[in-house]
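Notes for the one structure printed next.
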Amino acid sequence: MKRIIHLILFVLLFVPTSFAADKPLGVEEFTSVDEFAIAIASYFPKVQGEVKAVSGDHLTLSLAKKDGIMPDMELTLWRDGKEILHPVTGAVIGRAEDEVGTIEVTSVTDTSSTAVIKKKLSDPKEGDKARITPRRINIALLPLKADHPEIIQTLTERLKELGRFSVLENEKVNAFIKDRKQRDSALVREMGTVFGLDAVISLAVYPSEGKYLVTSRIFYTEDASQLDTIVATINLKSKKELLGDIKPFFAPVREEKSVTPELPINAQLFVVADFEGDGRLEYVFLDNMRLHIYRIDGTEWREVWSEAVPKDYGGVALERMDLTYVADPNASIQYINLDTADINGTGKSQIFVTAMLRGKVFSYVVQYQDGAFRRIAEVPGFLRVITYPGKGTILIGQDYDPVKFFSGRPKQYTWSGGKYVAGDELPVPKGMGLYGIAFADFGEKDPFLVAFDDEDRLIVYSHDSPLWKSEEKYAVTPRYVQKPALGIEAALSKTSAEQDKSHRQQLAGRVMVMDINSDAKDEILLPKNAGGSILNSTKSADIQGLRWTGARLDMTWSVKELPGPVIDFQLLRQAQGAQIFALIKTKGGLFSKDHQEVMIFSLK
Numbered sequence: 001m002k003r004i005i006h007l008i009l010f011v012l013l014f015v016p017t018s019f020a021a022d023k024p025l026g027v028e029e030f031t032s033v034d035e036f037a038i039a040i041a042s043y044f045p046k047v048q049g050e051v052k053a054v055s056g057d058h059l060t061l062s063l064a065k066k067d068g069i070m071p072d073m074e075l076t077l078w079r080d081g082k083e084i085l086h087p088v089t090g091a092v093i094g095r096a097e098d099e100v101g102t103i104e105v106t107s108v109t110d111t112s113s114t115a116v117i118k119k120k121l122s123d124p125k126e127g128d129k130a131r132i133t134p135r136r137i138n139i140a141l142l143p144l145k146a147d148h149p150e151i152i153q154t155l156t157e158r159l160k161e162l163g164r165f166s167v168l169e170n171e172k173v174n175a176f177i178k179d180r181k182q183r184d185s186a187l188v189r190e191m192g193t194v195f196g197l198d199a200v201i202s203l204a205v206y207p208s209e210g211k212y213l214v215t216s217r218i219f220y221t222e223d224a225s226q227l228d229t230i231v232a233t234i235n236l237k238s239k240k241e242l243l244g245d246i247k248p249f250f251a252p253v254r255e256e257k258s259v260t261p262e263l264p265i266n267a268q269l270f271v272v273a274d275f276e277g278d279g280r281l282e283y284v285f286l287d288n289m290r291l292h293i294y295r296i297d298g299t300e301w302r303e304v305w306s307e308a309v310p311k312d313y314g315g316v317a318l319e320r321m322d323l324t325y326v327a328d329p330n331a332s333i334q335y336i337n338l339d340t341a342d343i344n345g346t347g348k349s350q351i352f353v354t355a356m357l358r359g360k361v362f363s364y365v366v367q368y369q370d371g372a373f374r375r376i377a378e379v380p381g382f383l384r385v386i387t388y389p390g391k392g393t394i395l396i397g398q399d400y401d402p403v404k405f406f407s408g409r410p411k412q413y414t415w416s417g418g419k420y421v422a423g424d425e426l427p428v429p430k431g432m433g434l435y436g437i438a439f440a441d442f443g444e445k446d447p448f449l450v451a452f453d454d455e456d457r458l459i460v461y462s463h464d465s466p467l468w469k470s471e472e473k474y475a476v477t478p479r480y481v482q483k484p485a486l487g488i489e490a491a492l493s494k495t496s497a498e499q500d501k502s503h504r505q506q507l508a509g510r511v512m513v514m515d516i517n518s519d520a521k522d523e524i525l526l527p528k529n530a531g532g533s534i535l536n537s538t539k540s541a542d543i544q545g546l547r548w549t550g551a552r553l554d555m556t557w558s559v560k561e562l563p564g565p566v567i568d569f570q571l572l573r574q575a576q577g578a579q580i581f582a583l584i585k586t587k588g589g590l591f592s593k594d595h596q597e598v599m600i601f602s603l604k
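Going by the working numbering, 214 is the number at position 214 of the sequence shown; the sequence numbering is gapless.
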């Protein structure tokens, strides 16, 4: 398990004999407590595999080195039990889980692993499931020395931030061990029983040539068996690293930004991808009238393709004070959404446009085929591309209702038989629209839903239950769609305020999700425009990365003080990290007009 050299023998003299290890130790080299926390977390990966063979008390598992499995790890063995039936319909809605026992991994190869049974509740058999629980691991840090409590406290906080652990407060640990002189296996088991712990991690910290030498042993509480030992030097550059004043290790680094030339159009929405499959990025913009596709050649935008405006679109769209109005909502086309993904499996991304025309909402799809961009399909209602944990990038759609706007629950759409076909519904709260929502893997059993409310605040849902609501607003550049006019009787029954609300539908801004730092947990990315109103337009904006702590979303990094509001933004995963593409509107001066540009920021 250890990477570098054998530990000098004098270190063992500082370690209580009741925790001494039989095998030689190696020394890790860390530059922060954060890295030490990650090393501990690597012993508790979220994995699940199958039993491939059983021979007495020995089992062969499908889990291998690539799954993060290591010798001495304990896994729970279980199998599907009785069907769980819906109390009303009688439909099968799941299965109970029957625990078979506990196993300990003895060896790991590139293709499989072997284990031995530690606790048997029933006879294991081929096809049983083996896993490390996906829930939070309950642990405690047990200090072997009273020196340097600041490191213990910092490590506690860093482990909590990872979202994989529930860490017993250090005050409770200190109170529990206050009158107990012996740090032995009986203490580990007792702590596990009293506090409901899965593991105890012992720690001893020693100064060593301007660094800290830390020995850490990981014990399972059920039988006080030792999983492994980590011995590391931590070279802290300053005490600020202990106090949490520096940027967390998992925060992406903002590299030098790049700025595209000034846009020749006034865009509402945009996406970016390699649509032609030649390794070069194209930018797709929607203004008030049509779809435009551009590429950057040197220091200029070059239009690759522009959608012809059908004669029956009619009307002229007008822009005023950052709100989009139309002269005649029943005649003018109004754009609602723009997205891109390869849903057809062709290797080239499709462009999904949702719009309203003559009181109806429809979506159409554009793709590069046979050397040209062309429409390949049309779908009634709304469409949108999202990422869904366990499914990847998917296309979802929702029906349109002239009064309610969004009707029914969103459904996943797939490409079949030369058209897009609606399938299973997505688990969203009843009445929720298609936009301003995102599904995220926060390390919990099921995906969480993050959504804007009507006041631009974020709400985090687990299924239909709201878990948290932000105090601050994440104001985006407002966009509205003028809905079809009410009938005379309906209009007379409403107040002017009600009529205004019923005529105009606000469109929620984008929420993006990505695992930026490859820790198997998603971050939420979104812009936050500052200081704006209808009469006083936004002067600047941030793009923020938010992380779920287990109780709330906290900002972990941001791209600050952009020179104007973020009209729209995109996120691309690249080999070297991720890139944010932000469409920015910059106010002109006394002798210059407002203009738009795309700013690109690299994260790693």
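Beta carbons: idealized from backbone N, C-alpha and C, even for Gly.
Inside the stretch 410-439, DSSP marks whole beta strand (DSSP E) runs of 3 or more residues at positions 419-425, from first to last along the chain. A distance below 8 Å between beta-carbons, with the five flanking residues on each side excluded, links methionine 73 to the following residues of its chain, in chain order: Tyr43, Glu104, Val105, Ile132, Leu227.
In this structure, proline 427 sits near histidine 463, with a CB-CB distance shorter than 9 Å. Collapsing the DSSP output to three states places histidine 503 in a helix. A straight-line Cα-Cα distance of about 26 Å links lysine 430 and methionine 514.
In this chain, the beta strand (DSSP E) harbouring methionine 599 covers 595-603.
Across the set Leu507, Gly345, Leu553, the C-alpha of Leu507 shows the shortest separation from the C-alpha of isoleucine 567.
Annotation: the continuous alpha helix (DSSP H) that includes valine 33 extends over 33-41. For glutamate 455 and glycine 509, the gap between their C-alpha atoms comes out near 12 Å. Within the DSSP bridge table, the entry for glutamine 153 names no partner.
Inclusion of threonine 229 and glycine 192 in the CB contact set at 9 Å is not warranted, their separation being larger than that value. For glycine 392, the enclosing beta strand (DSSP E) starts and ends at 392-401. With a cutoff of 9 Å on beta-carbon distance, glycine 279 and lysine 348 are scored as not near each other. In the displayed model, alanine 551 falls within coil according to three-state DSSP, outside both helix and strand.
Boundaries of the alpha helix (DSSP H) around isoleucine 177: 170-177. Residue state for valine 105 is assigned as strand, using DSSP reduced to three classes. Counting only residues of its own chain and dropping the five nearest sequence neighbours on each side, alanine 64 has a CB closer than 7 Å to the CB of Val108, Thr109, Asp110, Thr111, Ser112, Ser113. At the C-beta level, leucine 197 and proline 143 stay beyond 9 Å of one another.
Annotation for glutamine 412: Ile394, Ile396, Gly423, Asp424 place their beta carbon closer than 6 Å to its own, counting only its chain and skipping 5 residues before and after.
Of Lys120, Lys160, Pro71, the smallest CA-CA separation from alanine 551 is found for Lys160. Taking C-alpha positions only, lysine 46 is separated from isoleucine 137 by approximately 10 Å.
Excluding its 5 nearest sequence neighbours in each direction, proline 380 has C-beta neighbours in its own chain below 7 Å: Phe362, listed in chain order. Around the CB of proline 149, fewer than 16 other CB atoms lie within 10 Å, so the residue is classed as exposed. Of the residues assessed, glutamine 579 falls on the buried side of the cut-off, its CB having 16 or more other CB atoms within 10 angstroms. Our two residues, aspartate 98 and leucine 77, have alpha carbons roughly 9 Å apart in a direct line. Across the set Asp128, Ala175, Lys145, the C-alpha of Lys145 shows the shortest separation from the C-alpha of proline 207. A Cβ-Cβ distance of about 6 Å is found for the pair tyrosine 400 and phenylalanine 382, placing them in contact under the 8 Å criterion. Measuring C-alpha to C-alpha distances from methionine 432 to each of Lys419, Ser62, Asp453 identifies Asp453 as the nearest. In the three-state reduction of the DSSP assignment, lysine 118 falls in the strand class, which pools E and B. Residues Glu74, Leu75, Thr76, Leu77, Ile117, Lys118, Lys119, Glu222 of the same chain have their beta carbon placed closer than 8 Å to that of threonine 102, with the five preceding and five following residues left out of the count. Apart from sequence neighbours up to five positions away, the residues of its chain that approach threonine 354 with a beta-carbon distance below 6 Å are Ile336, Asn337, Ser363, Phe382, Leu383, ordered along the chain. In the three-state reduction of the DSSP assignment, methionine 73 falls in the coil class, being assigned neither a helical nor a strand state. In the structure shown, the three-state DSSP call for glutamate 161 is helix. The Cβ atoms of valine 511 and alanine 451 lie closer than 9 Å to each other. In terms of CA proximity to alanine 475, Arg457 leads the group Arg457, Leu603, Ala39, Trp468.
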